[in-house]
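Participant: End of the sequence shown sits at 214 in numbering that gives the first Met the number 0; the numbers just go up one at a time, nothing left out.
Sending over a structure as structure tokens; questions will come in a sec.
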Amino acid sequence: MLKRIPNLKVSGKDASSFLQGQLSNDITKIIDGEWQLNAYCQHQGRIIALLWVQKQGNDFYLDFAPDLQEVVHNRLKMFALNTEVIFSEIDAQAVSIDRPQITLATSEKFIPQDLNLDIDEVGVSFTKGCYPGQEVVARVHYLGKPKRRLYQFECDFKVSPMDKITLEDPTKSIGMVLNQVKSHFFATLKIAEENKTFFINNKPVKCLGLADFSS
């Protein structure tokens with residue numbers, strides 16, 4: 000796994016309470032020096048960005064896709080009015096892309112359940128209280144059932160975010176690519192189709208099972 004390099008620092012007296020009201024996980028449970036996975040959602044529960052958050056004393060460091068820097072920074076600033084919070088952009092020289100990642104191309108396309116963030120509450124806390132999109136995410140958790148999950152695949156060719164996964168009939172889309180890391184890529188897939196043979200652009204791909212954020 001690549002070392003995580005944060006690209007945004009959040010500090011100030013209200014930093015902890017502010018992030019607690021914006022992100023999907025329980026910020027108060029972060030142990031100094033450790034990274035916690037969060038979804039930053041819009042009001043419909045769709046994920047704007049995946050944020051890895053590290054706490055160092057009273058400061059918080061955020062690692063997320065670089066092409067979402069302006070989107071995330073501006074949105075956080077918009078909601079930080081009347082709070083004592085300071086945002087400092089960090090010029091990251093390395094990018095952590097070895098885990099599933101939301102980029103600008105896939106921003107606002109998925110809910111946390113689509114990306115397995117609810118499994119063992121690895122990226123979502125259902126007891127922490129309100130955050131943008133919380134009602135939608137909680138409704139799916141308590142009253143519904145996820146129809147899609149995030150899977151890891153293997154292939155010997157290049158795929159792109161938003162590429163469609165199909166069965167033998169290329170007109171029937173059953174999944175969507177999130178991102179690729181070398182010969183592996185991550186994609187959402189309809190649970191009902193998980194034991195089928197899959198294709199991207201008429202080329203077969205191998206499903207390796209559910210993607211796991213917890214390791």
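C-beta: ideal position from N, C-alpha, C; glycine also.
Does DSSP put Leu49 in a helix, in a strand, or in coil?
Facilitator: To locate residue 49, count along the sequence shown from 1; it is residue 50. Strand, per DSSP.
Participant: Whose C-alpha, out of Ser15, Ser159, Lys157, Gly174, is nearest the C-alpha of Val84?
Facilitator: Walking along the sequence shown from the start, residue 84 turns up at place 85. The candidate whose alpha carbon is nearest that of Val84 is Ser15.
Participant: Classify Asn73 as helix, strand or coil using the three-state DSSP reduction.
Facilitator: Counting from one through the sequence shown, the residue named residue 73 turns up at place 74. DSSP places Asn73 in the helix class (H, G or I) of the three-state scheme.
Participant: With DSSP collapsed to three states, give me the class of Met0.
Facilitator: The residue you call residue 0 lines up with position 1 of the sequence shown. The predicted model places Met0 with a pLDDT of 46, which falls under 50 and marks its position as unreliable; any figure quoted below should be read in that light. Coil at Met0, not helix or strand.
Participant: Put Ser159 into one of helix, strand or coil per three-state DSSP.
Facilitator: Position 160 of the sequence shown, counted from the first residue, corresponds to residue 159. Coil at Ser159, not helix or strand.
Participant: Just tell me which of Leu114, Arg147, Gln53 has its CA closest to the CA of Cys40.
Facilitator: Position 41 of the sequence shown, counted from the first residue, corresponds to residue 40. Checking every option, the nearest Cα to that of Cys40 belongs to Leu114.
Participant: Starting from Arg147 and walking both ways along the beta strand (DSSP E), at which residues does that stretch end?
Facilitator: Within the sequence shown, the letter at position 148 stands for residue 147. Here the beta strand (DSSP E) through Arg147 covers 147-153.
Participant: Can you tell which of Tyr141, Leu67, Ala186 has the C-alpha that lies nearest to the C-alpha of Lys163?
Facilitator: Position 164 of the sequence shown holds residue 163. Nearest C-alpha to Lys163: Ala186.
Participant: Between which residues of its own chain and Ala210 is the CB-CB distance below 7 Å, once the five residues before and five after are set aside?
Facilitator: Taking the first residue of the sequence shown as 1, we reach residue 210 at position 211. If we look at Ala210 and ignore the five residues flanking it on each side, its Cβ neighbours are Pro99, Asn115, Leu149, Tyr150, Gln151, Phe185.
Participant: Kindly indicate the opening and closing residues of the alpha helix (DSSP H) around Tyr39.
Facilitator: Taking the sequence shown and counting its residues from 1, one reaches residue 39 at position 40. Under the DSSP assignment, Tyr39 falls outside any alpha helix (DSSP H), being part of the beta strand (DSSP E) whose first and last residues are 34-40.
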